[in-house]
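>
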Amino acid sequence: MEPVTQTTRVVQITVTDGYDLKGFKGDTPVTFIRAEFNQVVLGDSSKVTVSPEGTTKYNFTSSFEYNQDGGITLDDIAHKPAFLTVTEVLPKEKKQKEEKTLILGQAVVDLLPLLEGESSFEISVPLHPVQGSPLETLRPGVKQSSLDVKVSVGEPLLTSAQVLGGNLLKVTLEAAYSLPESFVPAGTQQNYMVGMQVPSVGEKDYTILFKNGNLKVGGEREPVPRPKKWPIANILAPGANNIPDEFIVGGPYEEEEGELNHPEDREFRNQAECVKKRIVWDLESRCYLDPSAAVSFQKRIADCRLWPVEITRVPLIVVPKGKAAKAEKAEDETLLSFHGVAYVNMVPLLYPGVKRIRGAFHVYPYIDSAVFEKTKCLFSLFRDTGHHNMIHNNKGGINSPLSKPVAKNLKEDKTVKEKDIDGKPRLTDMAPSLRSQSSDTPLEGETPVTHNPEGQQYLEAGTYIVLEIELDKALVPKRMPEELAERVKEMIPPRPPLTRRRGGAQKAVNDYHLQIKNISKAILDEYHRMFGKEVAKLEHEIDTETLEEQKCQLNYELNCSGKYFAFKEQLKHAVVKIVREKYLRTASFESQEELQTFISELYVFLVDQMHVALNQAMPDDIQGPVPVIQSTSGQLRLFAYEAEVNENYGMAAVYYEERLVREPHNLEHWLDYGAFCLLIEDNVKAQECFRKALSLNESHINSLLLCGILAVLLENYEQAEIFFEDATCLEPTNVIAWTLLGLYYEIQNNDIRMEMAFHEAFKQLQARVLQIPAGKQKSMGNMAGTIENMEEKGKMESNVGPWGTGNNTNNESSSSAVKAEASTGAAATLSIVDEFVEESSKLQSESREPITMKQSLDPVIGPNTSSMVLKDTTLNKKEASKCQDSPAFLHPPPSSVPQTHTTVFMETIRFLMKVNAVQYVHRVLAHELLCPQGGPSCEYYLVLAQTHLLKKDFAKTEECLQQAAQMDYLNPNVWALKGHLYFLSGNHVEAKACYERTVSFVVDATEMHFIFLRLGLIYLEEKEYEKAKKTYMQACKRSPSCLTWLGVGIACYRLEELTEAEDALSEANALNNYNAEVWAYLALVCLKNGRQLEAEQAYKYTLKLKLKDEVLLAEIHTVQEMVGFGNPSF
C-alpha cells in the first residue's frame, strides 16, 4: 500500500441492482433511490420501473468527499452508515399537480471496511421495510428484498502506517439496572443519556454519547442474543436500526471484567435483571483511533486506570412549532438531573492480547472531588460550559419530526440539518471546555459539586450499567503459543538418544568371547574324535598321566594338521580390535620396554577374558548368581529423602542417579533430582535437570514453571518470561502458572501485567471452586475398618511421586511444607510425599464430626502434598519430619457450612516449598497477608514458622506456632511441628509429649513417617522398648525403609527377642546393605546366638563401613569378650 498524500478523496456508493421489490400498486412499480450520509442527501437516482419478477437495475452512483483537514472525518465513516431509501412514485390522479410518493424501505451500508485498508468492496444489503410497506407482507419462503451495492474510493483512506498503528474502538452500552424508585415510566418523559470521552487527534478528546434510553419495567430478562443498534435517531425502517452481524450475547457473570462478577453478586444481579426496572439502550458507537490517538489512549489508561462514564437524564418538554401551534418535544438543558458516574477499570485493555472488556459497573453520584481523585478528570461531560450545544442539539434530521416528510416534497433542499443523535461533536465545538484528563487546572468561575442527593439514589438502589468496550487490535500484542513454543525449543532443543555405535570396546570384548567359544568348541570336537571311545570305556575314571598323554597327542595333531595356526588367525582379528578399541593403541610403540609392558598387560587381560568366556560356555560348572533384591523407584526416592534428612547428600545423589539410570526418560525423576540440587544450592545443575525434563515433554507445565523459576534465580529474566507465558498458554486454567507469572512481573516492576496475572489466577481459582460439588460426603463404615484400610494401603504410599501423572498443578497439596535444618546450618530438605496417607486421612476425617475451632484454612485437597523435613542436630540416624496444614481433611466443616477456600498465593507457596524454591516464599507470604481472601491463618503461621526454622530461629518459630495453635489448637500438624521444634532444640521430653499428642489424634498429621521414627528414637533413648517397637512397626506398615526396620530390630534386640530382631535387621540389610548400624546389630544378634562365622562377617562390615556410634561399638567389644569370639583380631 503506497503512502496516501492527497487530503481529499471521493467515496463513491453505487447501487447496481434491486431484487424482490414490490410496490403499493401493481407488480411493476416505479421507484427511485435516495442516498444519504452524515445528515446530507447525496442524491436521487432516476425513476426506474421494476420488472414483474421484482428485479431492476438502478446503476445509480452517489458520492461524498472525505477530507483530512475538515468536513467528513474518519470517525464519521466509522460510526455512521450510508442510508439508501427506496421510494415508490405513484401514478398521478386527475387534477393532481405533483406526483405522490410512498417510502418502501431503507437499506443500511456499513462503511467500516474502508477503515480496514480496503479501497473497494461489494455487498448485498437487505432492504428493511417501513411500517405499512408491502414489503412487510412477504409470504413464507419468499426472499427479502435486497440491493447490490459497491463502495469504492480512488485511493485507500488510510496509509499503511495508519492501518498498522491505528485502531478501531467500539463501545456498546447495553442497559442500566436496579434503578432508583423515582424512575417511573409515567409523568414527564425523560431523555436518558450516557457519555464518555476517548482520545482523538492530538491532545483533544472525542465524545461518545448514547441518548434516548428506553425505560422499562421489570418482569423478564432481556433476550440474548439481541442485535446492537446504530446510535442514530429517526431511522424510518425498524429493521435498519440494527447493525449487521453485531449482537449482544451476554455471558456468565464470573467471566466479566466489571465489579459485580463474584458469586455473592449472582443473586442480586439475577433479581435486578429480571424483576427490577431498567433503562435499555443496546447501542454501539465506534471511534477511529489514529496511531497517535492509540498511543495516547494507552498512556491515558496507564496513568488514570479508571475511566469516568457519566449518566444523567434530561426532561423532554413540549414547545410550540410555528403557526400551526403543533406541539414538539425538546430537551430542557437546564434541568440536568440524577447525574451519576461509573468508574470503568480500563487496565485490562493493557493486558497482552486483550481486545475486549465487558462488565457491570456501579453508578455513583457525580461529585467533583471523587471523580478527580479516581480519574484525574476535572470536567463533567454533561454539566460544564460548552457541552450543552453538543448534547442538546434540537435540529432534526431529514426524516425527523422537525423536517418536512420526504413523501410530501422531494424537491426541497437536500441538505439535512441533523439526523445523528449520538452527540459526537466536532473537535472545534469541544475545544473551549474539554481538557486532557491529566490536566489539573480547574475552570475559573466553576463551582465544584460536593453534594449530589439525586445521584446518591443510584448508590442506595445499587444501580449499575452494563458496558462493553472492544478494540479491533489489542493495545499490547500477545505472543502466540507457536512463537513461545518455538522460543522454548530454541532454548531447550530436543535431545534424541545417541545412536549406538556398532563398534566400541565392549563389542570388541564380546567378539573375543565369541571366538574363544567357537575355538573351544572346535577343540572339544577334535578331542572327542580322537579319544571319545576311550573316555567312554573308562567312564570318567581317567588318571592324571592319561590326561597328560592325551593333551600331548592333541597338541601334536593340531600342529600337524595346521588347525592350531588357523585358530591363531581366527583370534587375531578379535585381539586387534581389543587393542584398538579397548586400549586405544593405533600407533607404534616408542621403545621395546613399552611394548613388553603393554604385551604383558594385554596377555593378562586376554587370559582373564578367556576364562570368562569358557565359564559362560560351561554353565554347569558355575555357581548361580546371588539373588539381588531390586528396590522400586518409590523406595529409592524414600531412601534418597532419608539420606537428605541425615545430610548424607552423596548417598542421596546416588539414589537419585540410580533412578535416572533405570528410567532415563521419566521426567519425574529429573524433577526430583532437580529439586534435590536446589536443596544443595547447585542451581546450575538444577537448571540442567529441569530443562532435561522439559526436553522430554515440552508441554509439561511443572517443568516449564521450574525452568522459569531457575531462570529468575539465575537472573535470565527474558527466558523466565517465556517459560511462564508458555505455561499459561498451554494450560490457561493453571492457577500456579498465573501466580508465578504475576510474581515475575512484580520483580520487573510491571504493575499492570502483575495485576493481570493475579486477576487471571483468582479468576481461574474461583472457576475451579465453583466446579467442586458442595457437601461431598463419603460413607466409610466404622472407624476400625477405615484405619485398617488406611494401614493396608499405607504400605504403598512411598511409591507415589510428588509430581503426579498430569500437568495440572492446581490440585497440588492442600498444606504447606514444614522444613528444618540440621547442624552446621545446612539447607533443609524436601520430605517424602505421603499420598496414600493423605487420601486415607481425608476419608477418615470425612466420616466423623469435625472439631469446631475458628480457622481460615484451605479445604482444597490434592494428592501431591509436599513438605519440608526436620533434621536432628546430633544423631545421624534421626529421621526427618514434615508438618503440613491441610485443614480440609484435618477438621472439615459440615457440608451445610460454606467452606473457606484457598488463595492463589497459598497454593503457590506449597508448590515453591515442594521444589525448595524458598527464595520466593516471603514475597508470596506478603501477598497472602494482604489478600482479602487470605490474611493470617493457621496455615500462614505454619509456613512462616518453617521459614524461621530454616534459619534456626527457634524463638520466632515458637511465636508463630503459638499463633497457629490459637487459631486451631487441635490441628495435629501444629503439634507435629512443635515436636520437631523441641526435638531440634534438644528438648526431647517436650518433643515426646507433642509427638504422642499428634499420634493420638483421630486424624493423622499429613506426614507421619518421620514422626514415628523420631518418637521411636525417643522411646529407645528412654528404654521404653515395647512402645518403640510398636511405633516403628507403624512406620514399617506405612513406608518401610532400612531405618524403620532398623528401629524394629533394635527394639526387639533390647527386648531379647533375637529371632524377630534378626528378621527385622535382615529386612533392613536387604533394603540398604551400606548401613553400618544394621551390621553392628546383626553382629550382636549373631554373637548372642553363638554363630561365629556370621558374627565375624557382620563385625567386619561394621568396621569397613566405619560405624560412628562409639557406644555401640564398645557394646560389641564387650559381648565379643563375653562369648569369646566374633573379633578375628583376638
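Okay, so the sequence shown: first residue is 71 according to the numbering used here, each after it adds one. Just so it is clear, CB atoms sit at the ideal spot from N, CA and C, and this is done for glycine as well.
Looking only at its own chain, which residues have a Cβ that is under 6 Å from the Cβ of Phe-1082, when we skip the five neighbours before and after it?
Result list for Phe-1082: Thr-1101, Gln-1104 and Ala-1105, in chain order.
> Let me know the alpha helix (DSSP H) ranges lying completely inside the stretch 199-272, each 4 residues or longer, listed in chain order.
Listed in chain order, the complete alpha helix (DSSP H) runs (minimum 4 residues) inside the stretch 199-272 are 230-235.
> With a 10 Å radius around its C-beta and 16 neighbouring C-beta atoms as the bar for buried, classify Cys-777 as buried or exposed.
buried
> Using alpha carbons as the reference points, say which of Leu-279, Ala-575 and Lys-621 lies closest to Tyr-597.
Lys-621
> For the stretch 788-800 against the stretch 550-558, are there 3 or more C-beta pairs whose distance is under 8 Å?
yes
> Report, in whole angstroms, the separation of the C-beta atoms of Ser-132 and Val-80, which I expect to be a contact under 8 Å.
Actually they are not in contact, since the Cβ atoms of Ser-132 and Val-80 sit about 11 Å apart, beyond 8 Å.
> I think Ala-412 touches Ile-535, with their Cβ atoms under 8 Å apart; what is that distance to the nearest whole Å?
5 Å
> Which full runs of the alpha helix (DSSP H) of 4+ residues lie inside the stretch 675-756, going along the chain?
703-715, 719-732 and 737-749
> What does the alpha-carbon distance come out to for the pair Lys-1099 and Ala-1140?
20 Å
> Check the DSSP bridge columns for Asn-312 and list the partner residues they point to.
Lys-299, per the DSSP bridge assignment.
> Give a yes or no on whether the C-beta atoms belonging to Tyr-276 and Cys-374 are separated by under 7 Å.
no
> Below 8 Å CB to CB, which residues in the same chain sit around Ser-190 once its five sequence neighbours on both sides are set aside?
Lys-220, Val-221, Ser-222 and Val-223
> List in chain order: all unbroken beta strand (DSSP E) runs of 3+ residues lying wholly within the stretch 108-155.
110-114 and 126-137
> Considering only the beta carbon of each residue, do Ser-115 and Phe-94 sit closer than 7 Å?
Between Ser-115 and Phe-94, the gap from beta carbon to beta carbon reaches 7 Å or more.
> What are the start and end residues of the beta strand (DSSP E) that includes Tyr-434?
426-435
> If contacts are defined as beta-carbon pairs under 8 Å, then Val-85 and Leu-239 qualify, I think. What distance do you get, rounded to the angstrom?
Actually they do not touch by this definition, with Cβ atoms about 30 Å apart.
> Counting C-beta neighbours from all protein chains within 10 Å, is the total for Gln-914 16 or more, i.e. buried, or is it exposed?
With a pLDDT of 35 at Gln-914, under the threshold of 50, the modelled position of that residue is not reliable, and the figure given next carries that caveat. A residue is called buried when at least 16 other Cβ atoms come within 10 angstroms of its Cβ; Gln-914 meets this threshold and is buried.
> Taking just the CA atoms, how far does Thr-126 sit from Val-118?
7 Å
> Please return the same chain residues whose Cβ sits closer than 8 Å to the Cβ of Leu-676, not counting the five positions on each side in sequence.
Tyr-582, Val-645 and Ile-648
> Compute the Euclidean distance between the alpha carbons of Lys-755 and Leu-748, then round it to the nearest angstrom.
8 Å
> Would you be able to state if there are at least three C-beta pairs under 8 Å between the stretch 542-551 and the stretch 421-438?
yes
> Is the beta carbon of Gly-175 sitting closer than 7 Å to the one on Ala-307?
Contact check for Gly-175 against Ala-307 passes: the beta carbons are separated by less than 7 Å.
> Would you verify that the beta carbon of Tyr-434 is, or is not, closer than 7 Å to some beta carbon of chain C?
Absent here is chain C; the protein component of the structure consists of one chain.
> Do you know how far the Cα of Trp-1149 is from the Cα of Asn-1057?
30 Å
> For Leu-376, which of Leu-1020, Val-417 and Gly-187 has the nearest alpha-carbon?
Val-417
> DSSP has Leu-1207 in a bridge; who is on the other side?
Nothing can be reported for residue 1207: it is not among the residues displayed for the chain, which extend from 71 to 1200.
> Can you tell me which of Glu-785, Glu-788, Val-111 and Leu-741 puts its alpha carbon nearest to the alpha carbon of Asn-772?
Leu-741
> Considering only residues of the same chain and omitting the five flanking positions on each side of Lys-744, which have a CB-CB separation below 6 Å?
Going by the sequence as given, residue 744 is Gly instead of Lys. Once the five neighbours on either side are set aside, the close Cβ partners of Gly-744 are Ala-756, Cys-759 and Phe-760.
> What does Ser-407 pair with, by DSSP beta-bridge criteria?
Arg-383
> Looking at Ala-246 and Ile-318, is the spacing between their C-beta atoms short of 7 Å?
A distance of 7 Å or more separates the beta carbons of Ile-318 and Ala-246.
> In terms of alpha-carbon separation, which member of Glu-540, Pro-361 and Asp-1133 lies closest to Gly-235?
Pro-361
> Can you list, in chain order, the residues of its chain whose CB lies under 7 Å from that of Arg-505, leaving out five sequence neighbours each side?
Summary for Arg-505: the model assigns pLDDT 36, below 50, so the residue's position carries little reliability, and this model does not support an answer.
> Compute the beta-carbon to beta-carbon distance between Leu-1146 and Leu-1116, rounded to the nearest angstrom, for a pair I have assumed lies under 8 Å.
According to the sequence displayed, residue 1146 carries Ala and not Leu. That belief does not hold up - the Cβ atoms of Ala-1146 and Leu-1116 are roughly 11 Å apart, past 8 Å.
> Have a look at Thr-1114 and Ala-790 and give me their C-alpha separation to the nearest angstrom.
Roughly 42 Å between the two C-alpha positions.
> Go ahead and label Ser-765 buried or exposed: buried means 16 or more other beta carbons lie within 10 angstroms of its beta carbon, across all protein chains shown.
buried
> From the DSSP output, in three-state form, read off Thr-1188 for me.
helix
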